[in-house]
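Visitor: Each residue of the sequence shown is one higher than the last, beginning at 2 in the working numbering. Even for Gly, the Cβ is constructed at its ideal location relative to N, Cα and C.
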Amino acid sequence: MELFGFIFKNTVLVLLAGINLCFLLRALLSLFGVSEDNRLLIFAALVTEPVIWPFRVLFDKFGLFEDSPLDIPFLCGVIVLMLAQVMLSFF
Numbered sequence: 002m003e004l005f006g007f008i009f010k011n012t013v014l015v016l017l018a019g020i021n022l023c024f025l026l027r028a029l030l031s032l033f034g035v036s037e038d039n040r041l042l043i044f045a046a047l048v049t050e051p052v053i054w055p056f057r058v059l060f061d062k063f064g065l066f067e068d069s070p071l072d073i074p075f076l077c078g079v080i081v082l083m084l085a086q087v088m089l090s091f092f
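1) Can you tell me where the alpha helix (DSSP H) holding E50 begins and where it ends?
2) Tell me the rounded alpha-carbon separation between P51 and L4.
3) With a threshold of 16 other CB atoms inside 10 Å of the CB of G109, please say whether the residue is buried or exposed.
4) I'd like to know whether the C-beta of R40 is nearer than 8 Å to at least one C-beta of chain C.
5) Would you mind giving the Cβ-Cβ distance between P74 and F56, rounded to the nearest angstrom? I have them listed as a contact below 8 Å.
6) Does the distance from the CB of L82 to the CB of L17 come in under 8 Å?
7) Here's the rule I'm using: 16 or more other beta-carbon atoms within 10 Å means buried, otherwise exposed. How should T12 be labelled?
8) Under a three-way DSSP split, which group does S31 fall into?
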């Protein structure tokens, strides 16, 4: 049973690291102004948007950060994902 927990934890950590890489890829591609039809950007958006979407809905519902030049829901998604990685690595 201990082996199953070890494998499960490490699998989830690898998946979270992959999603983090997609966040980085998405940020870099948008920084360089890559077109919306780019396959890498589409892939990164498909992987990261399920993490970002709840924050977008929450902030839109309350009207938060509407005039901000930064994508605050994106930043919140990155922070939550990193916190999940840190907390899972301690168990």
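Guide: Per the coordinate set shown:
1) In the sequence shown, the residue the question calls residue 50 occupies position 49. Segment 40-63, the alpha helix (DSSP H) holding E50.
2) Reading the sequence shown from its first residue, position 50 is the one you call residue 51. Reading the sequence shown from its first residue, position 3 is the one you call residue 4. Approximately 30 Å, taken between the alpha carbons.
3) It is not possible to answer for residue 109, since the shown part of the chain is limited to 2 through 92.
4) Here chain C cannot be found, since the structure has a single protein chain.
5) Position 73 of the sequence shown, counted from the first residue, corresponds to residue 74. Position 55 of the sequence shown, counted from the first residue, corresponds to residue 56. Contact holds; Cβ gap of about 4 Å.
6) The count along the sequence shown starts at 1 and reaches residue 82 at position 81. The count along the sequence shown starts at 1 and reaches residue 17 at position 16. A contact, by the Cβ cut-off of 8 Å.
7) Here the question's residue 12 lines up with position 11 in the sequence shown. By the 10 Å Cβ count, T12 comes out exposed.
8) Here the question's residue 31 lines up with position 30 in the sequence shown. Reduced to three states, the DSSP call for S31 is helix.
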